[in-house]
């Protein structure tokens, strides 16, 4: 079936920071002459606050009389009068994404897309791709999977979210220099459950901050932005929130771990080669001497934090210019912590390959607007996975209601996603799209790996990954990480996970210590695994036992009410019936999501 581009139309819209961004509508035709049908799709392009120096250029007007110079009328003009007409005149096949993107790259003709702008080119690349997906009657994640060359038998993977609950750095006006402090619901067994666990911890964090008289104002990405005196204070607050929500903090046998985005390029002085915690120094939280560190001191600091807290991932721990530091840090903790390159790689295939060759990290952050085309984004992810690295699809601080990255995360089997906190609708839109995709995929081959999504780490190494309890003294701020007896061992990983997230032999998630409120793990996510079936059977057995205790043991399975078979009508029996029903509700609350049968 023939495809062609009928029209491209771009215009200005506003992003979550009140700055203009590019919106683009692509109209793609399927068929010819009288059998021709048209399909349209729209995208809105995101924008970053802290950006890597090697990112493809974001084109702004620079006209101070409009939007403080941040207008995108030039980008809009280029799409409507240059890129669109050129694609149509040259009859570029929209269904050949590689050909389309290469045409746009060649038309720009610069190394960093500075002629037309990465935001301009990306708007066209994604809008056309989404229109073709519609023409093929495919959800966009499925079309992305086709473009990524994923085998049809491969399971779709719902990504583990990294939920940004405390904002610092360039994303807020508080005293924190580290940019993001994130909850990672590693113990979840579905996307729905991961969202629920994270949201409950988010709300408990709000309650805790209020109880301490700290601000619950939000940063750019929807996380809280209070003034803490140290990074440790922020981490302590997160541990307390996890516990107050009824969950266990931890990597192994825990429900919620912690991830950091340090955005260390913002702290680095190229001349002195020192890192300075400028915001904390300015706020008087720390002296200039203690707030200034060399590379080795920074690495020692990260090692200390990892020993003290359940930190499973650190993004941009060092400057993009401090390559020796990256290599040293990776050697010291790369086996037990996901070391993520963002500013270091800028979603660029060549820079990512450099990182692989030099052993700088074990993970890459994926931001489509850093490189400017869908094809180059997919290429970066493919070579990262080939090297055994993990990939994290990410939003930007300047976002819109566009949910494209959710489909990209699922279609590429990235396994992880960063899309902000549980406030601000431009962040929530992505979570809701992921929940919808999970519902859409309940009848087909899909899965959620939880902790196993960080597949560049070897969780079978019991020396590196020992189960711990994290205890916080709220009065002193002291944290104790106590190693506990290991109850279960993870199964071996399937090697196919490294290349395609195929169908690994999943390790058994430790859910004996599930939430105090007792909602069954996986109850909301449509999971069909044997563990959940066994939990369901166990719950039914417990209900039967409850019925047996309350009604003389004559009840049937499936929860027939006590007294219904015995014919007794006296008040005592009625009271017993009501008591047993209450007990059933309690049992279901512990094992079945809180709904009686």
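Numbering (UniProt numbering), first residue to last: 1 to 597.
Every residue gets a Cβ at the ideal spot worked out from N, C-alpha and C, and that includes glycine.
Everything numeric in this text was worked out from a predicted model, so none of it was measured.
On the three-state DSSP scale, how would you describe residue i?
i: residue 549; result: A caution first: residue 549 carries a pLDDT of 41, below 50, which makes its placement in the model too unreliable to give a value.
i: residue 475; result: coil
i: residue 338; result: strand
i: residue 400; result: coil
i: residue 681; result: Residue 681 falls outside the range modelled here, since the chain spans only 1 to 597, and no answer is possible.
i: residue 141; result: helix
i: residue 241; result: helix
i: residue 318; result: coil
i: residue 249; result: strand
i: residue 73; result: helix
i: residue 190; result: coil
i: residue 269; result: strand
i: residue 516; result: Only weak support exists for where residue 516 lies, its pLDDT of 35 falling under 50; the value from the coordinates is given anyway. If DSSP states are grouped into helix, strand and coil, residue 516 belongs with coil.
i: residue 456; result: coil
i: residue 313; result: strand
i: residue 622; result: It is not possible to answer for residue 622, since the shown part of the chain is limited to 1 through 597.
How big is the Cα-Cα spacing for residue i and residue j?
i: residue 394; j: residue 96; result: 25 Å
i: residue 318; j: residue 267; result: 9 Å
i: residue 5; j: residue 133; result: 13 Å
i: residue 62; j: residue 73; result: 10 Å
i: residue 362; j: residue 66; result: 42 Å
i: residue 17; j: residue 452; result: 34 Å
i: residue 475; j: residue 240; result: 12 Å
i: residue 473; j: residue 39; result: 59 Å
i: residue 503; j: residue 186; result: The pLDDT assigned to residue 503 is 30, lower than 50, so where the model puts this residue is not dependable, and the model offers no usable value.
i: residue 324; j: residue 456; result: 21 Å
i: residue 24; j: residue 15; result: 14 Å
i: residue 160; j: residue 479; result: 27 Å
i: residue 56; j: residue 197; result: 36 Å
i: residue 402; j: residue 45; result: 8 Å
i: residue 250; j: residue 229; result: 24 Å
i: residue 624; j: residue 181; result: Past the edges of the chain, shown from 1 to 597, lies residue 624, and the structure says nothing about it.
i: residue 138; j: residue 3; result: 15 Å
i: residue 270; j: residue 264; result: 12 Å
i: residue 341; j: residue 299; result: 15 Å
i: residue 11; j: residue 91; result: 23 Å
i: residue 589; j: residue 440; result: Note that residue 589 has pLDDT 46, beneath the 50 cutoff, so the model's placement of it is unreliable and the number below is only indicative. Their Cα atoms are separated by approximately 27 Å.
i: residue 396; j: residue 419; result: 8 Å
i: residue 384; j: residue 246; result: 36 Å
i: residue 238; j: residue 471; result: 12 Å
Could you tell me the boundaries of the beta strand (DSSP E) in which residue i lies?
i: residue 21; result: 20 to 30
i: residue 156; result: 156 to 158
i: residue 447; result: 446 to 448
Strictly by DSSP, which residues pair up with residue i?
i: residue 600; result: Since the first residue shown for the chain is 1 and the last is 597, residue 600 is missing from the structure and cannot be characterised.
i: residue 480; result: 471
i: residue 292; result: 276
i: residue 183; result: 163 and 258
i: residue 37; result: 30
i: residue 43; result: 24
i: residue 224; result: 166 and 218
i: residue 14; result: 20
i: residue 150; result: Bridge partners of residue 150: none, in fact.
In the DSSP assignment, find the unbroken alpha helix (DSSP H) run with residue i in it and report its ends.
i: residue 276; result: Where residue 276 is concerned, there is no enclosing alpha helix (DSSP H), although the beta strand (DSSP E) it sits in stretches over 274 to 276.
i: residue 308; result: 295 to 308
i: residue 105; result: 97 to 108
i: residue 66; result: That residue, residue 66, is in no alpha helix (DSSP H); it is neither H nor E in DSSP.
i: residue 463; result: Run containing residue 463: none; DSSP gives neither H nor E here.
i: residue 327; result: 323 to 333
i: residue 440; result: 425 to 440
i: residue 57; result: Careful: residue 57 lies outside any alpha helix (DSSP H) and carries neither H nor E.
i: residue 84; result: 84 to 89
i: residue 349; result: 349 to 358
i: residue 229; result: Element bounds for residue 229: n/a, residue is neither H nor E.
i: residue 123; result: 118 to 135
i: residue 384; result: 374 to 386
Under 8 Å, Cβ to Cβ, is there at least one residue of chain C near residue i?
i: residue 213; result: You won't find chain C in this structure, because it holds only one protein chain.
Does the structure place the region 165 to 177 close enough to the region 211 to 226 that three or more beta carbon pairs sit under 8 Å? yes
Stretch pair the region 77 to 84 + the region 114 to 127: three plus CB contacts closer than 8 Å: yes
Does the region 345 to 361 come into contact with the region 273 to 293, if we say contact requires no fewer than three beta-carbon pairs (one atom in each stretch) closer than 8 Å? no
Stretch pair the region 96 to 105 + the region 375 to 384: three plus CB contacts closer than 8 Å: yes
Contact between the region 399 to 407 and the region 418 to 435 (3+ Cβ pairs under 8 Å): yes
Assess contact between the region 156 to 164 and the region 380 to 390, defined as three or more Cβ pairs (one per stretch) separated by less than 8 Å. Is contact present? no
Are the region 304 to 316 and the region 332 to 341 touching, with three or more C-beta to C-beta distances below 8 Å? yes
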